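These notes are about the structure you will find just below.
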Amino acid sequence: MLNEEIRFSKALKSIARNQELKSYFQNSKELFPIFIKGANRFVAGETRTEGLERVINLYNKGYQVSLEFIGENTTSEEECMLTKNEFKELIKDLGNNQMKATVSFDLSHIGMMISDAVAFTNLEELAKEAQKHNIQLMISMEESQKTDEILSLYKRISNLFSNVGITLQVHLKRSSIDLNDLLKTSGRIRLVKGAYQESEGIYIPRSEELNKRYIEFVSMCIDSNHPLSVATHDENILMDLKAKGFLYSPNVEVEMLDGVRPDLLRFLKEDNIQSKVYVTYGSEWYLYLVHRIAEYPPNIYTFISDIIEQNTDREKINTY
């Protein structure tokens, strides 16, 4: 990134978790309708029905799909139960539509903020339901202070179920050790650069060094013949991996967030590379949207253009 883009990205990440600002936007009768227009490119809608409609459409076009009910850091047991039930119904709906799909989620959305016991109980129930319907689960990675807890819960569940995968943030310096450990498990590994604002010294900033590290991590997974999701929109990295032949491995898929570089993902799919679209739905779209712009600052131009042009047709604005 350019220096100004890096500044902009850091500024966005710093406000992403500002609950007061989030509440202001979501409760504002003037701003909410405007911002939801800009979010429309990146979020399928607020309901499961809207999320399912989106992934069914993409699935019928030949894409693999992952669907997430957005949310994290849930501190109420009642809310965790409702969230778990929402994911359970989502799994059933995907299965009933005979879709080979993935359901993604944060462990802090299903109980980790209350206790590991609550999170694991809910995780195990979802894994059982997913196994029944031939659905894969993908655990997202969160802020670095949660990494040990997330990896511990993942290793426990991976001993019982092979249909659960884990996300790893390449920008954390600790991740080289974590990757070597995760290669001993059977679940799919999803490699992301990392979107969270972290303390200086524990991460590698966006740079050629980080890009090189990302490619090295992919190579390690390929060498181990491990199921892998290459989750990046970085065209330079993807073209490098493509040239090396890594993206044609049967265990490898390229995953991109809905609305971010659909043209690039379509290009890869047309070259017979397994291509997955990560779709989200739910009312907690504020944090998700801010991180999408922070990850790829040029998205701010798209976001503003969609607001001004009042784009609402997803099929027109996301040309897969």
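Residue numbers (this note's numbering): 19 to 338. Glycine included, every Cβ here is placed at the ideal spot set by N, Cα and C. Here the structure is a predicted model, which means the values were calculated and not measured.
Please say whether S162 and L201 have beta carbons closer to each other than 8 angstroms?
-> no
From the DSSP output, in three-state form, read off M238 for me.
-> Note: M238 maps to helix in three-state DSSP.
Of the listed residues G219, F60, G129 and G63, nearest to N91 (C-alpha basis) | G129
The region 280-297 contacting the region 79-89, beta-carbon criterion three pairs below 8 angstroms = yes
Are at least three pairs of beta-carbons, each pair with one atom in the region 253-261 and one in the region 218-225, less than 8 angstroms apart?
-> no
How should R72 be labelled, buried or exposed, when 16 other C-beta atoms within 10 angstroms of its C-beta is the threshold for buried?
-> buried
Neighbourhood of A57 by C-beta, 7 angstroms cutoff - its chain only, sequence neighbours within 5 removed = W303 and L307
C-alpha distance - S166 paired with I326, whole-angstrom precision | The amino acid at residue 166 is misidentified as Ser; the sequence shows Asp. D166 and I326: Cα-Cα distance of roughly 43 angstroms.
Compare the Cα-Cα distances from L246 to each of C98, Q154, S217 and D281 and report the closest residue.
-> Q154
Could you name each continuous beta strand (DSSP E) segment of 3 residues or more that falls completely within the region 135-206, going from the start of the chain to the end?
-> Those beta strand (DSSP E) runs which fall completely within the region 135-206 and span 3+ residues are 154-157 and 182-187.
Enumerate, from N- to C-terminal direction, the unbroken alpha helix (DSSP H) stretches of 4 or more residues contained entirely within the region 66-120.
-> 66-78 and 95-114, all fully within the region 66-120.
The beta strand (DSSP E) with A249 in it runs from where to where?
-> Here the beta strand (DSSP E) through A249 covers L246 to A249.
Pull up the CB-CB distance for V182 and I157, whole angstroms please, since I reckon it's below 8 angstroms.
-> 7 angstroms
Opposite L209 in the DSSP bridges: which residues?
-> L186 and V248
Confirm, please, whether the CB-CB distance from K211 to L144 is below 8 angstroms.
-> no
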